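The block underneath contains the structure these notes are about, expressed in structure tokens.
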Amino acid sequence: ERVMGFCTPDQHEEFVRQAPLFEQMLVNDGMSLTKLWFSVTQAEQRTRFTIRQVDPVRQWKLSPTDLASLDKWDAYTAAKEDMFA
1 ERVMGFCTPD QHEEFVRQAP LFEQMLVNDG MSLTKLWFSV TQAEQRTRFT
51 IRQVDPVRQW KLSPTDLASL DKWDAYTAAK EDMFA
């Protein structure tokens with residue numbers, strides 16, 4: 001996860017190189033592979049996190065990393081655009 005710095009640039013590059021090869025191996029072995037991408041707006045994400053902060057049933061879904069990621073919306077958007085390029 002490059003945006004939060006959980007991997008080095010070299011590790012990220014290696015993942016981007018290896019992931020499609022691994023996926024192709026699965027398909028070659030007869031598996032059906034379907035990828036889905038779900039996206040929400042920045043406002044919706046903030047709303048969801050706010051609800052999670054105050055709702056005891058949902059608080060478990062929210063971590064300090066989630067909150068820190070809110071300030072990195074532009075970096076996540078750039079990473080998403082790179083991924084789909």
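Positions 1 to 85 (the numbering used here) are the ones given, in order, by the sequence shown. Note that CB positions come from ideal geometry on N, CA and C, so glycine has one too. No experiment lies behind these values; they were computed from the predicted model shown.
Legend entry - Reduced DSSP secondary structure (H/G/I, E/B, other) of alanine 85: coil
Legend entry - Separation of glycine 30 from proline 56, as counted between CA atoms: Each residue's Cα considered, the two are about 43 angstroms apart.
Legend entry - Alpha-carbon to alpha-carbon, alanine 79 and threonine 65: Approximately 17 angstroms, taken between the alpha carbons.
Legend entry - Residues near phenylalanine 15 by beta carbon distance below 8 angstroms, same chain, minus five either side: Beyond the five residues adjoining it in sequence on each side, phenylalanine 15 comes within less than 8 angstroms, by CB distance, of Cys7 in the same chain, given in chain order.
Legend entry - 8 angstroms contact criterion, which glutamine 53 and leucine 70 should meet: CB distance rounded: Going by Cβ atoms, the distance from glutamine 53 to leucine 70 rounds to 12 angstroms, so no, they are not a contact pair.
Inset, instruction - Rounded to whole angstroms, what's the CA-CA distance from leucine 67 to alanine 43? Just pull it up for me. - result: 14 angstroms
Inset, instruction - Please name the residue in Thr47, Val3, Thr34 and Phe84 whose C-alpha comes closest to that of leucine 62. - result: Thr47
Legend entry - Coil, strand or helix - phenylalanine 22 by DSSP: helix
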